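Worksheet for the structure shown next.
Residue numbers (the UniProt record's numbering): 1 to 173.
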């Protein structure tokens, strides 16, 4: 997927994930409670809710898993870090919302997604290192005197880490 398309797709994914968690799922859970509590056992309706939400979450998780398993090109690192940052910001809220016995599979899947995102980010980061080591000081400049793509990626990566809103300490939690 091209850089611009990937960037906009992940931005939309983050918005959709937050909207689903902060609005839709909360409202649906309240609706399920009101409608099904009088009709069935108090432990049965949360299980029904979890089965339906699990299918919705599977779609959201699948997209992020596909991104994490995609190419390990340096530019993907920014998007992986954005995804991790978003997931990490909602982690506490997510764990609080999906905290019942019936929500275990969703909770586990979310935790696995965090681990996958960190693992994919580290692979891409080490790919940075490998490509930088491949550059040689004695190489003649390119014919058009342009800056090598990997150098641009490293500079952009450093800008990314220094921008406001990214707490790099959370990268190592």
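C-beta atoms are modelled at their ideal positions from N, C-alpha and C, and glycine is treated no differently.
These numbers come from a predicted model, not from an experiment.
- Query: Excluding five sequence neighbours on each side, which residues of the same chain lie with their C-beta closer than 8 Å to the C-beta of residue 26?
  - Reply: Here residue 26 corresponds to residue number 26 of the chain shown, with the count starting at 1. So the qualifying residues of the chain are 97.
- Check whether the Cβ of residue 27 lies closer than 7 Å to any heavy atom of the ligand GDP, and answer yes or no. Among the ligands in the structure shown, none appear at all, so the ligand GDP cannot be discussed.
- For residue 147, which of helix, strand or coil comes out of DSSP? Within the chain shown, residue 147 is the residue found at index 147, counting from 1. Residue 147: coil per DSSP, three-state reduction.
- Message: For residue 36, which residues in the same chain have their Cβ closer than 6 Å to its Cβ, ignoring the five residues on either side in sequence?
- Response: Taking the chain shown and counting its residues from 1, one reaches residue 36 at position 36. Excluding sequence neighbours, residue 36 sits near 45.
- Query: Any idea if residue 103 is buried or exposed, counting beta-carbon neighbours within 10 angstroms, 16 or more meaning buried?
  - Reply: The residue you call residue 103 lines up with position 103 of the chain shown. With 16 or more Cβ atoms within 10 Å of its Cβ, residue 103 is classed as buried.
- Hey, quick one: how far does the alpha helix (DSSP H) through residue 92 stretch, first residue to last? By one-based count along the chain shown, residue 92 stands at place 92. Taken as a continuous stretch (DSSP letters only), the alpha helix (DSSP H) holding residue 92 covers 76-97.
- Beta-carbon spacing of residue 106, residue 21 below 8 Å: For the purposes of this step, residue 106 is taken as residue 106 along the chain shown, with counting starting at 1. For the purposes of this step, residue 21 is taken as residue 21 along the chain shown, with counting starting at 1. Contact flag unset, no.
- Does the distance from the CB of residue 109 to the CB of residue 57 come in under 8 Å? Position 109 of the chain shown holds residue 109. Position 57 of the chain shown holds residue 57. Their beta carbons are under 8 Å apart, which means residue 109 touches residue 57 by this criterion.
- Query: Ends of the alpha helix (DSSP H) at residue 163?
  - Reply: The sequence position of residue 163 within the chain shown is 163, counting from 1. No alpha helix (DSSP H) holds residue 163; DSSP gives it neither H nor E.
- Item | DSSP-derived helix/strand/coil call for residue 193 | No answer is possible for residue 193: it lies beyond the span of the chain, which begins at 1 and ends at 173.
- Message: Using 8 Å as the threshold, is the C-beta distance between residue 117 and residue 64 below it?
- Response: Mapped onto the chain shown, residue 117 falls at position 117. Mapped onto the chain shown, residue 64 falls at position 64. For residue 117 and residue 64, yes; Cβs fall inside 8 Å.
- Message: How far does the alpha helix (DSSP H) with residue 109 in it extend, from its first residue to its last?
- Response: Indexing the chain shown from 1 puts residue 109 at position 109. Membership of residue 109 in the alpha helix (DSSP H) is indicated by the continuous run 104-134.
- Task: Decide if residue 74 is buried, meaning its Cβ has at least 16 other Cβ atoms within 10 Å, or exposed.
- Result: Taking the first residue of the chain shown as 1, we reach residue 74 at position 74. So residue 74 ends up on the buried side.
- residue 79, buried or exposed, once every other Cβ within 10 Å from all chains shown has been counted against 16: The residue given as residue 79 occupies position 79 in the chain shown. With 16 or more Cβ atoms within 10 Å of its Cβ, residue 79 is classed as buried.
- Express the C-alpha separation of residue 39 and residue 81 in angstroms, rounding to a whole number. For this step, residue 81 is matched to residue 81 along the chain shown. For this step, residue 39 is matched to residue 39 along the chain shown. Looking at the backbone, the Cα of residue 81 and that of residue 39 are separated by about 45 Å.
- Tell me whether residue 42 is buried or exposed, calling it buried when 16 or more other Cβ atoms sit within 10 Å of its Cβ. Locating residue 42 in the chain shown gives position 42, where the first residue counts as 1. Of the residues assessed, residue 42 falls on the exposed side of the cut-off, its CB having fewer than 16 other CB atoms within 10 angstroms.
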